[in-house]
Amino acid sequence: MHPRTIALMATTSLLVSALFTPSSFASPTPAGPGWSPSVTERLVKLPQAHLKKSLDRDFARSPLADAIANAEQEIQLKTQTLDDLRSAADQALGSLQTELRHQLLAEKQGYLKLVKNHQDLRRQHLQKRQKVYGKILQRYLRARGNGSPEKVELIAAQEQAQSRFQKSAETVNMKVFASFDAPQSQYAAAYAKNLSAANALLVAINNHPAQKISGQNPKNKTQYLRQLVAETDSGLALIEQEGEIVGYMAKLVALDAAAFADQIASGGDEQDLTPDQPTTVTSALTHFIQ
Amino acid sequence: MFRFFKSLATALTIGAVLTATTARAGTVENLERERAILVETLLSNEMTAEERVAKIHVSKKRLIDLERIVLRDKSLVGRNTPAIKRAFANYDLTFMVHASVEKDRSLADHWLSQIGLNNRGLLDAQMRRR
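Keeping their order, the protein sequence lines are chains L and B.
Numbering of the first sequence is given in the numbering used here, commencing with residue 13 and proceeding in unit increments.
Numbering of the second sequence is given in the numbering used here, commencing with residue 430 and proceeding in unit increments.
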């Protein structure tokens, strides 16, 4: 058996075991490119339409965002290399073909390492984002008084009083000001005047183009923050699933390497590698599925 | 220039949020003070019926405004202080004028019933030495 093939098989097996062990889904090492968003008072108080944008902007400026973009670029380049090598191996004959197929296997292994690194970076990003959203939600709820049962009770009482007042305000106006010989108070008159001005402004705010963007999101900020947490959760779940796919790919590379070694040992030419397609984990599947 | 406008827009947005939540102290205390004056008027023996009616009339007008100010005060939402907690624990006692009109009762009747005294109870009461 070719010594390089044996080495390739060994490293691929190691990669397979690394990808399938649960530790591969744990948070990546703190070293390397990072992003440390801080949950400031400003961030907590930002309207929901600007909250995600602000965090996105902060992330875009971080070394972690650069690292993810670089990793994506490297994966794309590696996919192109895989395409080129595959077509070259298909056209080559004899020992050159063996050499090219060997290189293809080595490049596949390199591709899997890059994808794993990319997944680690994305996981790191989403975990941080999830943490930030969680903290903002906590602080927002605390600020609204949802912290202690006493405050919850008080807010409920205040809402109840408010709705009772809204229901009876008109009746009170009718009864009181009809029976009183004096007209409405200065406060009541000024309040009514201001209310109509405020309503006109509210209509303008609701019709503002910038408001339309936030209109797609839930009206309640708590709901919106919970939605963001759920979105990052689903992002993390997808990365885990992609991790499993990469694990299967690594297993296939190991099997390819074993078959290739057998083929060389028997001197036959039965094993060939399949067609091609570029980018992302699932789009690179054809490089791995025989 | 673009960045300037962007930061200006953010600052204005934050400003709007902050001004909307500016706390205004003392609305509950003002209401409590006026309510105490009204209760004192209801219980006072040192005035004629006409004087009492005139004073209640003035207090009622003032209380309507004060009750509305408290009910519309957004800075009180979730502010867990003893005075605010007590104020919202019993709507009928705190927002006396609104509650009495809502129930179509006189102010005095409403207040007495809220503290546990009604006409039947008062009529059935006997004067005894303790």
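For glycine and all other residues, C-beta sits at the position ideal for the given N, C-alpha and C.
Since this is a predicted model, take the numbers as computed values, not measurements.
- Query: Taking the continuous alpha helix (DSSP H) assigned at residue 524 of chain B, which residues delimit it?
  - Reply: Residue mapping note: residue 524 of chain B aligns to position 95 of the second sequence, counting from 1. Residue 524 of chain B -> no alpha helix (DSSP H), and no H or E assigned at all.
- Query: So residue 461 of chain B is in the alpha helix (DSSP H); what residue range does that whole segment cover?
  - Reply: Counting from 1 along the second sequence, the entry for residue 461 of chain B is found at position 32. Run containing residue 461 of chain B: 456–472, per the alpha helix (DSSP H) assignment.
- Query: When the Cα of residue 267 of chain L is compared with those of L/44, L/120, L/60 and L/108, which residue comes out closest?
  - Reply: In the first sequence, the residue the question calls residue 267 of chain L occupies position 255. Residue 267 of chain L has its Cα closest to that of L/120, out of L/44, L/120, L/60 and L/108.
- Item | Alpha-carbon spacing of residue 543 of chain B relative to residue 200 of chain L, whole angstroms | On the second sequence, residue 543 of chain B is found 114 positions in, with the first residue counted as 1. On the first sequence, residue 200 of chain L is found 188 positions in, with the first residue counted as 1. Those two C-alpha atoms are separated by around 27 Å.
- Message: Counting only C-beta atoms, is residue 205 of chain L closer than 9 Å to chain B at any point?
- Response: Locating residue 205 of chain L in the first sequence gives position 193, where the first residue counts as 1. Chain B contact via Cβ: absent.
- Task: Name, please, each residue of chain L whose Cβ falls closer than 8 Å to the Cβ of residue 494 of chain B.
- Result: Against the second sequence, residue 494 of chain B aligns to sequence position 65. Simply 197, 199 and 200.
- Query: So, helix, strand or coil for residue 547 of chain B, using DSSP?
  - Reply: By one-based count along the second sequence, residue 547 of chain B stands at place 118. Coil, per DSSP.
- Message: Let me confirm a value: residue 476 of chain B is counted as buried when at least 16 other C-beta atoms fall within 10 Å, else exposed. Which label applies?
- Response: Numbered from 1 along the second sequence, position 47 holds the residue referred to as residue 476 of chain B. By the neighbour-count rule (16 or more Cβ atoms within 10 Å), residue 476 of chain B is not buried but exposed.
- Query: Is there contact between the stretch 118–137 of chain L and the stretch 76–88 of chain L, where contact requires at least three CB pairs shorter than 8 Å?
  - Reply: yes
- Neighbour list for residue 163 of chain L in chain B, Cβ cutoff strictly below 7 Å: Residue mapping note: residue 163 of chain L aligns to position 151 of the first sequence, counting from 1. Result: 507 and 509.
- Please confirm whether residue 179 of chain L and residue 530 of chain B have their CB atoms less than 9 Å apart. By one-based count along the first sequence, residue 179 of chain L stands at place 167. By one-based count along the second sequence, residue 530 of chain B stands at place 101. Their beta carbons are not under 9 Å apart, which means residue 179 of chain L does not touch residue 530 of chain B by this criterion.
- So does the stretch 59–69 of chain L actually touch the stretch 95–109 of chain L, counting three or more Cβ pairs closer than 8 Å? no
- Query: Under a CB-based cut-off of 9 Å, is residue 147 of chain L close to chain B?
  - Reply: Working through the first sequence from its first residue, we reach residue 147 of chain L at position 135. Judged by the 9 Å Cβ criterion, residue 147 of chain L is not in contact with chain B.
- Task: For my contact list, residue 528 of chain B and residue 520 of chain B are in at a C-beta cut-off of 8 Å; report their separation, rounded to the angstrom.
- Result: As a working mapping, residue 528 of chain B is identified with position 99 in the second sequence. As a working mapping, residue 520 of chain B is identified with position 91 in the second sequence. With 8 Å as the limit, residue 528 of chain B and residue 520 of chain B qualify as a contact, their Cβ atoms being about 6 Å apart.
- Which term fits residue 48 of chain L, buried or exposed, when burial requires 16 or more other beta carbons within 10 angstroms of its beta carbon? The count along the first sequence starts at 1 and reaches residue 48 of chain L at position 36. Result: exposed.
- Item | Sequence-distant residues of the same chain with beta carbon closer than 6 Å to residue 460 of chain B, five excluded per side | Locating residue 460 of chain B in the second sequence gives position 31, where the first residue counts as 1. Correct list, in chain order: 495 and 499.
- Task: For the stretch 50–67 of chain L and the stretch 134–147 of chain L, state whether three or more C-beta atom pairs, one from each stretch, are separated by less than 8 Å.
- Result: yes
- Message: To the nearest angstrom, how far is the alpha carbon of residue 124 of chain L from that of residue 101 of chain L?
- Response: Taking the first residue of the first sequence as 1, we reach residue 124 of chain L at position 112. Taking the first residue of the first sequence as 1, we reach residue 101 of chain L at position 89. Spanning the two alpha carbons is a distance of roughly 20 Å.
- Message: I believe residue 489 of chain B touches residue 526 of chain B by the beta-carbon criterion, under 8 Å. Please report the beta-carbon distance rounded to the nearest angstrom.
- Response: In the second sequence, the residue the question calls residue 489 of chain B occupies position 60. In the second sequence, the residue the question calls residue 526 of chain B occupies position 97. The pair is a contact, with the Cβ atoms about 6 Å apart (cut-off 8 Å).
- Query: Does the stretch 533–547 of chain B come close enough to the stretch 461–476 of chain B that 3 or more CB-CB pairs lie under 8 Å?
  - Reply: yes
- Query: Does DSSP put residue 104 of chain L in a helix, in a strand, or in coil?
  - Reply: Along the first sequence, read from residue 1 onward, the residue named residue 104 of chain L stands at position 92. Looking at residue 104 of chain L - three-state DSSP - the assignment turns out to be coil, as it is neither helix nor strand.
- Query: So which residues on chain B does residue 300 of chain L lean against when the C-beta distance must stay under 8 Å?
  - Reply: Start at 1 with the first residue of the first sequence, and residue 300 of chain L comes out as number 288. Chain B residues near residue 300 of chain L: none, gap ~46 Å exceeds 8 Å.
- Quick one: which chain A residues come within Cβ less than 9 Å of residue 177 of chain L? Of the protein chains in this structure, namely L and B, none is chain A.
- Task: Label residue 523 of chain B either buried or exposed according to how many other C-beta atoms from any shown protein chain fall within 10 Å of its C-beta, with 16 as the threshold for buried.
- Result: For the purposes of this step, residue 523 of chain B is taken as residue 94 along the second sequence, with counting starting at 1. Label assigned to residue 523 of chain B: buried.
- Task: Using beta-carbon positions only, say whether residue 153 of chain L and residue 514 of chain B come within less than 9 Å of one another.
- Result: Within the first sequence, residue 153 of chain L is the residue found at index 141, counting from 1. Within the second sequence, residue 514 of chain B is the residue found at index 85, counting from 1. No, they are not a contact pair.
- Pick out whichever of L/253, L/275, L/185 and L/205 has its Cα sitting closest to the Cα of residue 533 of chain B. On the second sequence, position 104 is the one that residue 533 of chain B refers to. Taking only the C-alpha atoms, the option nearest residue 533 of chain B is L/185.
- Message: Quick check: residue 458 of chain B and residue 492 of chain B, are their CB atoms within less than 9 Å of each other?
- Response: What you label residue 458 of chain B is simply residue 29 of the second sequence in a count that begins at 1. What you label residue 492 of chain B is simply residue 63 of the second sequence in a count that begins at 1. No, they are not a contact pair.
- Task: Could you check what DSSP says for residue 453 of chain B in three-state terms: helix, strand or coil?
- Result: Position 24 of the second sequence, counted from the first residue, corresponds to residue 453 of chain B. Any reading at residue 453 of chain B is ruled out, since the residue's pLDDT is 45, under 50, leaving its predicted position unreliable.
- Using a Cβ-Cβ cut-off of less than 8 Å, give me the residues of the stretch 459–486 of chain B that come near chain L, in sequence order. 486
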